[in-house]
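Q: Have a look at this one.
Numbering (the UniProt record's numbering), first residue to last: 1 to 333.
This is the structure we're talking about:
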């Protein structure tokens with residue numbers, strides 16, 4: 001879910017247009033997979049599945065959304081979460097409860113013939129499990145798209161790679177990447193161009209946030225931005241009751257962070273959390289070399305193993321510049 005910094009960041013968001021986003025993008029893999037699993041569904045909310053009942057919505061998303069990025073001169077590198085830090089356990093437990101409740105509500109809505117509610121609850125029940133992760137990595141490798149395994153938080157790893165200049169920017173729907181020090185965060189590039197909100201269909205455009213511009217505009221250091229987030233509440237702590245974004249900034253500027261953070265119901269040590277954001281565990285040895293797609297391998301995986309129609313997969317591969325039986329695709333890059 002990330003931290004609720006949106007009200008503070010609105011005036012610093014840029015809408016660069018696709019032509020301004022060329023480069024190498026470190027994509028928060030779990031974030032993207034949840035988007036595919038929740039958004040790519042049938043009318044009643046059921047996910048796409050193969051003949052054996054295995055979910056394939058994420059595989060469809062990875063093929064066609066990545067084709068879209070490649071066409072726009074964006075080279076994605078997917079970064080997968082590792083083991084979550086111990087102080088995230090409470091948040092993860094709450095998310096499991098929400099998913100389980102949504103799954104029960106989805107089943108109930110289906111029985112009642114309420115298709116609109118069924119789809120809403122189905123989207124909220126989406127889960128990234130071992131099969132989703134392993135099959136996603138398998139398809140990315142077949143497509144020649146690099147992926148990196150983070151030791152813990154994927155957003156921390158993406159931010160580190162951006163700091164090192166190995167990628168152009170970090171990609172996530174959440175704002176945590178700024179807390180982890182990503183020089184640039186881009187949102188909305190792995191989602192479709194439309195989304196439903198309160199019964200309406202809205203257009204979605206890429207957004208870019210520059211960390212230096214945010215810190216300068218808010219008159220905060222990065223550590224103070226982290227303190228602001230902790231007062232509001234993050235995936236690692238519950239925040240201080242009654243403290244919203246603007247009040248949190250005021251508290252930090254007044255130098256009373258440590259006085260107020262003690263009012264939080266969460267027992268996590270604030271200094272430990274600050275240190276985690278400023279210096280998180282990351283993998284410093286990684287390979288993000290891009291390769292040509294292997295069309296035969298992609299077709300074997302998607303069509304042979306998961307029942308995709310070959311015509312549809314070949315159409316997707318053509319957008320990568322790849323065709324069945326074609327061994328080298330150096331022109332892709």
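Ideal Cβ placement from N, Cα and C applies to all residues, glycine included. Remember, predicted model here, so these are calculated numbers, not experimental data.
Just to confirm the assignment, what range does the alpha helix (DSSP H) spanning residue 209 have?
A: Premise fails: residue 209 lies in the beta strand (DSSP E), 207-210, not in any alpha helix (DSSP H).
Q: Span of the alpha helix (DSSP H) holding residue 54?
A: Looking at the DSSP string, residue 54 is not in any alpha helix (DSSP H), and its letter there is neither H nor E.
Q: Does the distance from the CB of residue 416 to the CB of residue 186 come in under 8 Å?
A: Residue 416 lies beyond the range of the chain shown here (1 to 333); nothing can be said about it.
Q: For chain C, find out if any of its Cβ atoms is closer than 8 Å to the Cβ of residue 24; answer yes or no.
A: Going by chain labels, chain C is absent from the structure shown, which holds only one protein chain.
Q: Can you give me the C-alpha to C-alpha distance between residue 159 and residue 178, rounded to a whole angstrom?
A: 8 Å
Q: In three-state DSSP terms, what is residue 229?
A: helix
Q: Taking Cβ positions, are residue 283 and residue 163 nearer each other than 8 Å?
A: Taking 8 Å as the Cβ cut-off, residue 283 and residue 163 do not qualify as a contacting pair.
Q: Within the stretch 7-65, note down every full beta strand (DSSP E) run reaching 3 residues or more, in order along the chain.
A: 23-28
Q: Are the stretch 244-256 and the stretch 265-275 touching, with three or more C-beta to C-beta distances below 8 Å?
A: no
Q: Mark residue 146 as exposed unless 16 or more other C-beta atoms lie within 10 angstroms of its C-beta, in which case mark it buried.
A: buried
Q: I need the straight-line Cα distance from residue 41 to residue 81, nearest angstrom please.
A: 24 Å
Q: When you compare only the Cα positions, how much space is there between residue 28 and residue 151?
A: 14 Å
Q: Apart from the five residues on each side of it in sequence, which residues of its chain come closer than 7 Å, Cβ to Cβ, to residue 135?
A: 59
Q: Where residue 166 and residue 107 are concerned, what is the direct C-alpha to C-alpha distance, given to the nearest angstrom?
A: 45 Å
Q: With DSSP run on the structure shown, which of helix, strand or coil describes residue 189?
A: coil
Q: Please report the straight-line C-alpha distance between residue 171 and residue 25, rounded to a whole angstrom.
A: 6 Å
Q: Please report the distance separating the alpha-carbon of residue 3 from that of residue 175.
A: 6 Å
Q: Tell me whether residue 73 sits in a helix, a strand or coil according to DSSP, three-state version.
A: coil
Q: What is the DSSP secondary structure of residue 184, counted as helix, strand or coil?
A: strand
Q: Grouping DSSP H, G and I as helix and E and B as strand, with all else coil, what is residue 3?
A: coil
Q: Three or more beta-carbon pairs under 8 Å between the stretch 61-70 and the stretch 298-318, yes or no?
A: yes
Q: What is the rounded straight-line gap between the Cα of residue 15 and the Cα of residue 52?
A: Rounded to whole angstroms, residue 15 to residue 52 spans 42 Å at the Cα level.
Q: Bridge partners of residue 170, per DSSP?
A: 26, 185
Q: In its own chain, which residues sit with a C-beta less than 8 Å from the C-beta of residue 268, not counting the 5 before and 5 after it?
A: 87, 236, 237
Q: Please check the pair residue 287 and residue 144, which I expect to be a contact at CB under 8 Å, by giving their CB distance rounded to whole angstroms.
A: Actually they are not in contact, since the Cβ atoms of residue 287 and residue 144 sit about 13 Å apart, beyond 8 Å.
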